[in-house]
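Per this note's numbering, the sequence shown starts with residue 157, numbered consecutively. We put the CB at the ideal spot given by N, CA and C, even for glycine. Below you'll find the structure, written out as structure tokens, and then a few comments.
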Amino acid sequence: MARRRRGRGGNAGQGERTSEPARGESGPATESNTASPAVATSTNTIASVGSPSTVRGRGGTIAARGSPLATRGTVPSRGGIPLRGAVPSHGNGGVASSARTEPSSVGASETAPEPQPAITDQPVAEVRGPAVRDSMPLRPGFGTIGRVQVMKLNSFAIHVSARKIYEYIVQWTSPPPFPLRTRGSQILQFLKLDPHFAPFADAVAMDRSGKRLVSARSLPQPFAINIQTHTATTVTDGPVSTAHIYRVEEHNIDAFNRVLDGHPGHEGYNIEPILSALNLVIQQHASSTALAVISPGRNRFFFRAPASPMQLDLGVEAWQGFFIAVCPTYRQLTIKVNACVSPFSSPGNAARVMIAIQEHVPEIHRFSELCRFFKSLKATVTLPGRDERRVIITGVENSTARQLRLGPDEYGNPTIEEYLNRRYNIALQHADDLPLIKTRNRGYLPAELCEICPGQLYRWRLSKAASAQLIKYARNLPAVNAAAICDRGFPDLGFSGNSVFDAFGITVEPNMITVPTRVLPPPELVYGQHPMNRPVIMKDASWNIVRTTFHTGANITSWAVLLVQRGYKHEFSNKSDPQLLAFLQAFSSKLRSTGMSLPAEPSHIMDTGRILGRGDDLSMNDTVEKFRQVIISNLNPSQKPSFVLVLLPTVNSRIYSAIKYLGDIVLGLQSIHIVLHPKKSLATGNMQDQYLSNVALKLNTKLAGTNHRLGQDAVALLTRVNTMIVGMVVTHPTEVLPAVAAVVSSSDDEFIQYSASLRLQSYDDIVESLHHMMLERLQYYRLKNGRLPDHILVYRQGLSNAQICYLMQDMEVPQIWQAFREIDPNGTYKPKLTIIVCIKQTRCCFHAADTWQRVTKSGNVVPGTVQDRGTPGIYAFDFLLQPHEGTRGQAQPTRYIVAYDDYHYDADTIQQITHALSYSYVRATKAIKMVPPVRYADLAAKRAALYLSKLSTEFEQPLEPGSEDRNLYHQRAIQIWGSGIHRDLKDSMFYI
């Protein structure tokens, strides 16, 4: 299916923005290895060259149907943010049914720092007028429930005094002879040497490609400059490149400020071009001084830290850097800054890395590991009498310098070792024990002559040990991250003493901004009514269920055991092993103690024998077939057990995938896996009890039990009308796997059980079959309840800010309404629909504003912290919520944007509902970061992707990106998927 074109939305869902290429630019040029500029001369001409017709500005004001912010009939308020007004009875996605005024704020319960003046409460006037079908809901007011507190946010206020910012594109008669990585900064240095450009030199910023330029002053038009370079060893001047600079846009800062102030009538103004230009200015210093700049938006910057980086693996080290992006908020422009960590290839001599790999990697995997590590790395090579050359490594040759011979030349037919010795007088130290490196343009080179360049992101999968080390290195306490941002980030990123900032009139406040927040009270949780139950005591969004029974325990008629043998010392010897029988007795006793009903002993114990030894390399199809033969030879298909307990000696993705595919797709058997770990499942006392308790949480849910439910006050918010909660996710495709769309929905008024609909789809992030999937969810709800829901509350993850408008107008909302029409042929079914988009705020963190403020033991702010003043949505109905503690490292909130709302929620109600749902997650006894329906949809989609993991082993070579043969993968995935989830499991939470 062809990918649909996405429109660029307005600023309704405005969050962090990064610099983007100007329209009319060509793609990035390839890196040049033919010149190495050392010194240069510059000549200039003012050419009379007209701007090409293809160069167009990006427009300033956009108020067309494509903007999610367009409204009609709005009336200005005294303070700024417009509220929602009167609307028709149904069918409008965004405006309230009656006029609202902002509720009075709650008085602070403690002395706290004052929030920034820009985000204090403002009086809001009523707004009346006809609704706009494709507009997003305006904020109905601010929340008032909860304890008021002031917190710091990892953002700094920025002030821009310039009234205009001019944007240009730079077109070249020939590619500049500079490496792509540093092209922008080098070109800018040459431009500053030109006397015609000198008056503007300190008032411009250029992107790294050298094709986009923004200026605080207007450049003359037309404008052309010649650049001529030569190297240290060139006798004559090098080639001349002419830069033609064309103006494409003039940004009006006054109009931008009116948008920030929330003035009615400016809702549709597209501020993204201005944000992109400001990002270019803000990131100019860091972009030219950082050793590495990564991520798709080029907004993560890494500098050499005073301390040595952490070594993760052979030739891999962890660097700490900083993420920066301009972020607009109501009445304030900020720069969001956060610490980040990424793995990099260790710089240094390539031979040292090769030797280390040879010493630590088994011989059978040694050559493939060398090829994987060195592929696409950049290195420098210096030969006597020649300039330093920069090369790109394409792989490793399975020959040494003493073995590989060159073609006939003046030295005869020498080996590479002999050639280097005769031509350059180089005596190789590893001529016969290290393989040669293959390069893109230079043929073959000995590893000891290659120096790996610093600042190269490591793009391969890390080992488990290295991944654990990286996570540990990144999980700093919030106070440590805040200190790094202020002490190192502020000067490294050039936020002070910056001449370019002075030219644009930009100043950055040295302290993090403070924002008003509230702490929502946790919901009541209801467990079983057993007389021996202990009261549930909650602390920091976590609770213990020792001596507590589930709300509703599952009724298990029979169960079976599958014992997987792989030859490990700690695994059970056979199905008659006394230790196995004792373990199964402890397992069944634990399930009964939680309130589940089951026989004390399993009906069958199946022993696989040594089905997959430690060195075996079976295909996924062979693995599935071996397990299928074991199961069907022991179990009667007409008398399936309630579940099969699978005992694994170690974690093995192939075995796990095979059993899940067999049970979920082929046989329709519920399965639960336990890894036999001496210090966890096989331990004694509390360790084993805790492990088995977590297993019981999942198993009870799979079998339609209820672990706990929300208290009546929380449920009452959802049951004012019959409500069905929906979670929607689309997984990202890979080179092998297609995208998977998952839609889960509740089926009763407890909002605990969520069955799933799954579809494979083309490589897109819109739910393409949403019409059919939503129809399935409605049909199941009607089957369970004898009626259809009056209100559908959708939580949707996986959309960027710019896609929210696209979602509403063109794709998913029309499919949902189509399902409503088809479920009722009479056309009378018109439920209320609310869609909330969930966006992970991985770069946003709350910090305590003062030392006396209470934080959790992990140093994070108190769970339940919600912010709806000073959020990224200037006009949008959004809020940031951190319901969890964040036990390790810095906790981040989730941003929720109400993208469509027929039900007309107020701020307090939707915030309470979302917060309460965070406590209903069935796999844990703690609140979670993302609302559970979205988490369940994500688990279901990942389970579907797990079934398709055999694709990665069926094709020997991965397809090139963009290959037309990718359709082969998709067709094979459809064959593997078959009819989807087995009919006996499709209405259960099999994916837990």
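Item, Value
"Short Cβ contact (7 Å threshold) for residue 1001 with residue 1046", "yes"
"Where residue 445 sits in the DSSP three-state scheme", "helix"
"Separation of residue 1072 from residue 234, as counted between CA atoms", "Confidence in residue 234 is poor, its pLDDT being 31 and thus under 50, which makes the residue's placement unreliable; the coordinate value appears in the next sentence. Roughly 34 Å separates the two Cα atoms."
"The alpha helix (DSSP H) enclosing residue 340, as first and last residue numbers", "339 to 349"
"Buried or exposed (CB count within 10 angstroms, at least 16 for buried), residue 422", "buried"
"Those residues which DSSP pairs with residue 1051 across a bridge", "995 and 1036"
"Cβ pair residue 723, residue 1141 closer than 7 Å", "no"
"Cβ pair residue 629, residue 880 closer than 7 Å", "no"
"Nearest residue (CA-CA) to residue 476, options 787, 498 and 756", "498"
"Beta-carbon proximity list for residue 616, same chain, < 8 Å, skipping 5 on both sides", "528 and 529"
"Cβ-Cβ separation, residue 1030 to residue 418 (assumed contact under 8 Å), whole Å", "6 Å"
"Cβ-based neighbour list, residue 927, same chain, cut-off 7 Å, excluding 5 preceding and 5 following", "971, 974 and 975"
"From 814, 809 and 979, residue whose alpha carbon lies closest to that of residue 786", "814"
"Assumed close pair residue 489, residue 669 - CB separation to whole angstroms, cut-off 8 Å", "With 8 Å as the limit, residue 489 and residue 669 do not qualify as a contact, their Cβ atoms being about 11 Å apart."
"Backbone secondary structure at residue 352 - three-state DSSP", "coil"
"Residue 1117 (DSSP reduced to helix, strand or coil)", "Note that residue 1117 scores a pLDDT of 47, beneath 50, so its modelled location is shaky; the value from the coordinates is reported in the next line. Coil."
"Residues bridged to residue 312 [DSSP beta-bridge criterion]", "491 and 668"
"Member of 764, 623 and 1095 whose CA lies at the smallest distance from the CA of residue 1148", "1095"
"Cβ contact check for the segment 748 to 767 and the segment 729 to 737: 3 or more pairs under 8 Å", "yes"
"Cβ pair residue 901, residue 882 closer than 7 Å", "yes"
"Residue 831 versus residue 443 - alpha carbon distance", "47 Å"
"Straight-line Cα distance separating residue 995 from residue 961", "15 Å"
"Pairwise C-alpha distance: residue 304 and residue 298", "13 Å"
"Beta carbon of residue 708 nearer than 7 Å to that of residue 689", "no"
"Residues of its chain near residue 860, where Cβ-Cβ distance is below 7 Å and the 5 sequence neighbours each way are ignored", "710, 909 and 1144"
"Length of the line joining the Cα atoms of residue 819 and residue 587", "55 Å"
"Spatially closest choice to residue 893 from 483, 599, 701 and 1102, by CA coordinates", "1102"
"Reference residue 737; option with closest CA among 756, 752, 747 and 750", "756"
"Within-7 Å CB hit, residue 904 to chain C", "In the displayed structure, chain C is absent; only one protein chain is listed."
"DSSP state of residue 620 mapped onto helix, strand, coil", "helix"
"For residue 698, the residue or residues it bridges with in DSSP", "695 and 1082"
"Nearest residue (CA-CA) to residue 508, options 542, 728, 569 and 591", "591"
"Check: residue 481 C-beta below 6 Å from any heavy atom of the ligand GDP", "The ligand GDP is not part of this structure, which contains no ligands at all."
"Among 1032, 1020 and 967, the one whose alpha carbon lies nearest that of residue 1040", "1020"
"Option in 582, 547, 850 and 555 with minimal Cα separation from residue 589", "555"
"Contact check, residue 917 vs residue 1090, beta carbons under 7 Å", "no"
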